[in-house]
Amino acid sequence: MKKGKKIMIVTIGLICFVLSYVMFIQFKTVEETNITEIESMTTAELREKSVAWRERYEQTSEKLEETNAKLAEYKQKKELNQEASELLEQELLQARILAGETDVKGDGIIVTITDHEDTEKIVSYDLIGLVNELKLAGAEAISINDQRIVNMSDIVDIYINDGSQFIFVNKEERLVSPYVIKAIGDQKYLESALTTKTVGFIDQYSENATLEVKDNITIPKYSKEIKIKYANIKEEE
Amino acid sequence: MIFIAILIGCVVGIIAGMYAPIIPYSLSGYLAISIVAALDSVFGGITSVLKGNFDLKIFVSGFFGNAILSILLTYLGEKLNVDIYLAAIVVFVGRMFTNLAIIRRYYIDKWTNKKQKIEEENK
């Protein structure tokens, strides 16, 4: 074989080798780039993509902000509502306690008055005076023999034909001695209001009355129904 | 003999290429254009063999020269922000088709000539 032909064969073989080698590298690269696309992207492509993503990010963050603002608004509204409803509930509770609609419990005093043979019989005015003084001292709930005294309560004497008399409260409840008056309020105020020297209730009725300061007194609710038929709230003008 | 050389070169190249590491994607564009250039040279070489004016020096210099030149042009295009590689591809692929047409014609002519000869002999 001639030398020139040998060189040609080797050269062509080498060229074939180079060509197929490079081609297969390229095939592999193209195939692999689908997996590691981002790693091997050109800067231009990356820039383009990053711009697109930034746009999307901006749009999304704008939406997020909007949604957050709405959310905050709703939250504020809800808080306002809650505040209002809490206030209303508190007022309702207060009103219910004042109206005597619920059993109540708290610290206060208990005054016990008993009829004695050698003193005058206890009459309604004695109890009215006591209740008034308790109210003055800031009692929040009062009961006589477990009859709740509310603002519409009455304490009256009922005289019967044979000369005997009874005390009635709340229109039809008859009271008998001993009269146990419970009051919930500031214990110091209540006690001092009743124990003023000589003019205080306890001194006046020293024979018949005892006073006890007690914690956790329970006062039952007003047993009658409170009906309002004629009174209406006056509209403010 | 030359076909064996081509076969061995291709097989070894394919095997070596399969186990070669991949190149970064940003460089694969240059490689692709160089492959197209090299293929163009190969078809050109085949055509020249058929025409009988094949020159190894021209073939080898064309093979590597075109590949390197196309890479350089692509790089320049990248720098200028002009897609020069598109022009290179158009030229190379166009030439490839031309060469393929020449090769096709050559073999078809050869085939028809052979057939005619056989027919004449049969007569």
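As given, the protein sequences belong to chains U and H, one line each in that order. Just so it is clear: in the first sequence, position 47 is 47 by the working numbering, and no numbers are missing. Count along the second sequence starting at 1, add 1000, and that's the number in the working numbering. Glycine residues also receive a C-beta, built at the ideal position from the N, C-alpha and C atoms.
Whether residue i touches residue j by CB criterion (8 Å)
i: U/Lys182; j: U/Ile233; result: no
i: U/Leu194; j: U/Gly200; result: yes
i: H/Val1036; j: H/Val1093; result: yes
i: U/Ala95; j: U/Val150; result: no
i: U/Ser116; j: U/Asn216; result: Checking the displayed sequence, the identity of residue 116 of chain U turns out to be His instead of Ser. Against a cut-off of 8 Å, the Cβ pair of U/Asn216 and U/His116 comes out as no contact.
i: U/Ile122; j: U/Tyr159; result: no
i: H/Ile1006; j: H/Thr1047; result: no
i: U/Ile97; j: U/Ala141; result: yes
i: U/Leu211; j: U/Glu191; result: yes
i: U/Gly13; j: H/Ile1118; result: no
i: U/Ile113; j: U/Tyr230; result: no
i: U/Thr42; j: H/Tyr1025; result: yes
i: U/Met8; j: H/Leu1072; result: no
Inter-residue Cα distance where the pair is residue i and residue j
i: H/Ala1087; j: H/Arg1105; result: 27 Å
i: U/Asp146; j: U/Pro220; result: 6 Å
i: U/Gln90; j: U/Glu101; result: 15 Å
i: U/Phe27; j: U/Cys16; result: 16 Å
i: U/Lys78; j: U/Leu88; result: 15 Å
i: U/Ser50; j: H/Ser1070; result: 30 Å
i: U/Leu19; j: U/Glu65; result: 57 Å
i: U/Glu31; j: H/Ile1022; result: 10 Å
i: H/Phe1059; j: H/Val1049; result: 10 Å
i: H/Leu1039; j: H/Gly1013; result: 15 Å
i: U/Val104; j: U/Glu133; result: 20 Å
i: H/Ile1084; j: U/Met23; result: 21 Å
i: U/Asn161; j: U/Lys171; result: 19 Å
i: U/Leu46; j: U/Ala52; result: 10 Å
i: H/Glu1121; j: H/Phe1097; result: 36 Å
i: H/Phe1064; j: U/Lys3; result: 23 Å
i: U/Gln59; j: U/Tyr74; result: 23 Å
i: U/Asn68; j: U/Tyr21; result: 58 Å
i: H/Ala1101; j: H/Lys1114; result: 20 Å
i: U/Lys70; j: U/Gln82; result: 18 Å
Option nearest residue i by Cα separation, candidates the options
i: H/Leu1031; options: H/Phe1003, H/Phe1054, H/Lys1057, H/Ala1067; result: H/Ala1067
i: U/Gly106; options: U/Gln187, U/Ser206, U/Glu236, U/Val18; result: U/Gln187
i: U/Arg174; options: U/Gly163, U/Lys214, U/Asp154; result: U/Asp154
i: H/Asn1099; options: H/Gly1045, H/Asn1053, H/Ile1058; result: H/Gly1045
i: U/Tyr222; options: U/Asn161, U/Thr42, U/Ser143, U/Leu92; result: U/Ser143
i: H/Lys1051; options: H/Glu1120, H/Tyr1107, H/Leu1076; result: H/Tyr1107
i: U/Val10; options: H/Leu1039, H/Met1001, H/Thr1112, H/Ile1084; result: H/Met1001
i: U/Met152; options: U/Asn81, U/Glu225, U/Arg54; result: U/Glu225
i: U/Asp126; options: U/Phe168, U/Tyr21, U/Lys5; result: U/Phe168
i: H/Leu1027; options: H/Phe1063, H/Glu1078, H/Trp1111, H/Val1091; result: H/Glu1078
i: U/Ile213; options: U/Tyr189, U/Ala69, U/Ala44, U/Ile25; result: It is worth fixing the name first, because residue 213 of chain U is Val in this sequence and not Ile. Nearest of U/Tyr189, U/Ala69, U/Ala44, U/Ile25 to U/Val213, Cα basis: U/Tyr189.
i: H/Tyr1075; options: H/Gly1029, H/Thr1112, H/Asp1109, H/Gln1116; result: H/Gly1029
Contact set for residue i: own chain, Cβ-Cβ below 6 Å, skip 5 residues either direction
i: U/Gly108; result: Ala183, Ile184, Gly185, Ile217
i: U/Thr29; result: none
i: U/Ile202; result: Leu194, Thr195, Ala209, Leu211
Contact list for residue i against chain H, beta-carbon separation under 7 Å
i: U/Ser61; result: What U/Ser61 touches in chain H: nothing, since even the nearest Cβ is about 31 Å away.
i: U/Thr11; result: Leu1056, Val1060
Amino acids of chain H, ordered along the chain, whose beta-carbon sits closer than 9 Å to that of residue i
i: U/Lys2; result: Near U/Lys2 there are no residues of chain H at all, since even the closest Cβ is about 12 Å away, more than 9 Å.
Interface residues of chain U facing residue i [CB-CB closer than 9 Å]
i: H/Gly1044; result: Within 9 Å Cβ-Cβ: nothing; H/Gly1044 doesn't reach chain U, min ~12 Å.
i: H/Val1082; result: Result: empty, since nearest Cβ-Cβ is about 13 Å, beyond 9 Å.
i: H/Gly1017; result: Ser20, Tyr21, Val22, Met23, Phe24, Ile25, Gln26, Phe27, Lys28
i: H/Ile1035; result: Leu19, Val22, Met23, Gln26
Beta-carbon proximity list for residue i, same chain, < 8 Å, skipping 5 on both sides
i: U/Gln165; result: Lys121, Val123, Asp157, Ile158, Tyr159
i: H/Ile1089; result: Ile1033, Val1036
i: U/Ile128; result: Ile155
i: U/Lys135; result: Ile142
i: U/Tyr57; result: none
i: U/Lys63; result: none
Residue i: contacting residues in chain U (beta-carbon distance under 7 Å)
i: H/Ile1014; result: Ser20, Phe24
i: H/Ala1038; result: Leu19
i: H/Phe1063; result: Ile15
i: H/Ile1002; result: Ile9, Ile12
Residue i: contacting residues in chain U (beta-carbon distance under 8 Å)
i: H/Leu1031; result: Val22, Ile25, Gln26, Thr29
i: H/Met1096; result: Those within 8 Å of H/Met1096 in chain U number zero; the least Cβ separation is about 14 Å.
i: H/Ala1005; result: Ile9, Val10, Ile12, Gly13, Cys16
Per-residue contacts from residue i into chain H (C-beta, under 8 Å)
i: U/Glu32; result: Ile1022
i: U/Leu14; result: Gly1009
Cβ neighbours of residue i in the same chain (closer than 7 Å, five flanking residues each side left out)
i: H/Phe1054; result: Gly1045, Ser1048
i: H/Ala1016; result: none
i: U/Leu130; result: Val111, Ile181, Phe201
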